[in-house]
Amino acid sequence: MRKHNFNAGPSVLPEFTLETTAKAVMDFANSGMSIMEISHRSKEYDAVNNEAAQLVKELLNVPAGYSVVFMQGGASLQFAMIPFNFHVKKAAYLITGSWASKSCKEAELMQFGEVVKVASSKDKNFTYIPKNFTVPADADYFHITTNNTIYGSEILKDLDVNVPLIADMSSDIFSRPIDVSKYALIYAGAQKNLGPAGVTLVIINDEFLNKIAQRPIPTMLNYKTHIENASLYNTPPCIAIFASTQTLKWLKNNGGIAAMEKVNISKSQMLYDEIDRNKLFKGTVEKEDRSRMSVCFVMNDEYKEFEAEFLEFTKGKGMVGLKGHRSVGGFRASLYNALPVDSVKALVAAMQEFEKQH
Ligand SMILES: *Cc1c(COP(=O)(O)O)cnc(C)c1O
0 MRKHNFNAGP SVLPEFTLET TAKAVMDFAN SGMSIMEISH RSKEYDAVNN
50 EAAQLVKELL NVPAGYSVVF MQGGASLQFA MIPFNFHVKK AAYLITGSWA
100 SKSCKEAELM QFGEVVKVAS SKDKNFTYIP KNFTVPADAD YFHITTNNTI
150 YGSEILKDLD VNVPLIADMS SDIFSRPIDV SKYALIYAGA QKNLGPAGVT
200 LVIINDEFLN KIAQRPIPTM LNYKTHIENA SLYNTPPCIA IFASTQTLKW
250 LKNNGGIAAM EKVNISKSQM LYDEIDRNKL FKGTVEKEDR SRMSVCFVMN
300 DEYKEFEAEF LEFTKGKGMV GLKGHRSVGG FRASLYNALP VDSVKALVAA
350 MQEFEKQH
């Protein structure tokens, strides 16, 4: 029996992805070879590479003038690549959580120029998204993290800013339609909403790419390398890209991203409603900024002693991954696309049952 998998990442994937990838591990495209054995220069793999990029473009409605590439090193390497390629004078960051802070830290580390923290919600343990900030008009770029995976807040709107907008969408890409034209660069590690770890999706505006810094950039850290070679400069993580392609197909076959957003709204609403109703629990994030993907909650002070017991209780019901990140405590339920509605219903039922017992 599969678990109710609330893990934050790596996380639940569609069974379709698991089944088709398992088949390709044994025999990929009737080649008599595994997806792990075949050449990345073969025509069979080339078809996967093309289909992956094509499906990303189709599902996210990527306009002309953008490139879609697959890289390695995780979202964390993007934190460094962005300043290396694009920080000339001034880099601006919105500090909404740990990942946002880590991305900003890389820009500070390399000292290519000034780093501006435009606003931060650190004063309240990242429980809200700062509003009413001003992005310096002369910034090379403005970096945001759309979903605050650890603290559970989310920027659900495509921001309008007057400088190139860069977004880390690792934990909410494909969860709702976005207007790609508002972004200069979007990136996401695959292991939350797309596939296994090992591949990072990058969508980049070709004009923005022309603003690349005039400094020596290591070949592998240069976006142009990956774009000019269509993600095939060096050996790609073929199996991770294959599996991601399966998830993209699954998304397409299930009505695409608009349909997925409806499900995500209803799944997260169901859980937040129970958190707000149940006398044992309370949410940790300002209501208007609550994430649909990463639902963080704790026990009310008078019931705090039962937190460990509740975790055990849910474990007994086949649920995993509900322990909150150590910097928040309590609980976190990651409700990624592939998490079935039934898993959310099971969690809500467990919260109700636990309430009755206490
Ligand atoms: C998980 C996560 C990361 C880190 O991703 P890696 O691929 O492990 O480097 C970065 N940003 C966000 C928003 C994340 O959720």
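Numbering (numbering that gives the first Met the number 0), first residue to last: 0 to 357.
From the three backbone atoms N, C-alpha and C, an ideal C-beta is built for every residue, glycine too.
Following a CB-centred definition, is residue i positioned closer than 7 Å to any heavy atom of ligand 1?
i, result
"Trp249", "no"
"Thr199", "yes"
"Gln190", "yes"
"Thr95", "no"
"Gly73", "yes"
"Asn4", "no"
"Ser174", "no"
"Ser364", "Outside the shown range of the chain (0 to 357) lies residue 364, about which nothing can therefore be said."
"Asp167", "yes"
"Asn146", "yes"
"Gly8", "yes"
Which residue's Cα is closest to the Cα of residue i: the options?
i, options, result
"Ser180", "Lys56, Ser41, Met318", "Lys56"
"Ala242", "Tyr271, Glu206, Gly197", "Gly197"
"Lys121", "Ile211, Glu273, Met80, Val284", "Val284"
"Ala212", "Val87, Lys2, Leu93, Phe27", "Val87"
"Phe132", "Lys261, Asn161, Ala23", "Asn161"
"Leu184", "Lys130, Glu113, Phe78", "Phe78"
"Ala21", "Ala52, Pro215, Ala239, Leu59", "Ala239"
"Phe5", "Glu105, Tyr92, Val347", "Val347"
"Asp341", "Gly323, Met318, Ser326, Glu352", "Met318"
"Met70", "Leu12, Gly188, Ile37", "Gly188"
"Ala229", "Ala7, Ala136, Thr19, Ala46", "Ala46"
"Phe336", "Lys210, Arg325, Pro176, Glu352", "Position check: residue 336 holds Asn in this sequence, whereas Phe was assumed. The shortest Cα separation from Asn336 among Lys210, Arg325, Pro176, Glu352 belongs to Pro176."
"Leu334", "Val327, Arg325, Ala345", "Ala345"
"His357", "Arg325, Phe312, Phe125", "Phe312"
"Asn263", "Gly255, Ser174, Asp272, Asn299", "Ser174"
"Cys237", "Thr199, Ile226, Met259", "Thr199"
"Ile128", "Gln110, Glu113, Ala99, Pro135", "Ala99"
"Arg276", "Met298, Phe27, Met259", "Met298"
"Arg289", "Ile165, Asn146, Gly323", "Asn146"
"Glu273", "Ser102, Thr19, Ala349, Lys42", "Ala349"
"Gly329", "Pro339, Lys316, Ala307", "Ala307"
"Tyr302", "Ala90, Leu279, Thr244", "Leu279"
"Thr246", "Lys191, Arg1, His225", "Lys191"
I need the boundaries of the beta strand (DSSP E) containing residue i, first residue and last residue.
i, result
"Ser265", "Ser265 -> not in any beta strand (DSSP E); alpha helix (DSSP H) instead, spanning 255-276."
"Phe330", "330-333"
"Leu370", "Residue 370 lies beyond the residue range present for the chain, which begins at 0 and ends at 357; the question has no answer from this structure."
"Met298", "293-298"
"Lys281", "280-282"
Which residues does DSSP pair with residue i in a beta bridge?
i, result
"Leu184", "Ile165, Ile203"
"Cys103", "None, per the DSSP bridge assignment."
"Glu113", "Lys89"
"Glu153", "Asn146"
"Ser66", "Ile203"
"Phe309", "BP columns for Phe309 are empty, so no partner."
"Ser10", "Bridge partners of Ser10: none, in fact."
"Ser119", "Ile94"
"Arg289", "Ser152"
Within the continuous alpha helix (DSSP H) that includes residue i, where are the two ends?
i, result
"His225", "222-227"
"Thr144", "No alpha helix (DSSP H) contains Thr144, which is instead part of the beta strand (DSSP E) from 140-144."
"Lys251", "237-252"
"Phe5", "Premise fails: Phe5 is in no alpha helix (DSSP H) and is neither H nor E."
"Phe353", "340-356"
"Leu321", "Looking at the DSSP string, Leu321 is not in any alpha helix (DSSP H), and its letter there is neither H nor E."
"Asp45", "42-58"
Indicate whether the contact test is met: 3 or more Cβ pairs, each with one atom in the segment 150-157 and one in the segment 289-301, closer than 8 Å.
yes
Check whether the segment 252-272 and the segment 203-223 touch, using three or more Cβ-Cβ pairs below 8 Å as the test.
no
Does the segment 201-215 come close enough to the segment 57-66 to have 3 or more Cβ pairs within less than 8 Å?
yes
Do three or more CB pairs link the segment 29-39 to the segment 159-173 at distances below 8 Å?
no
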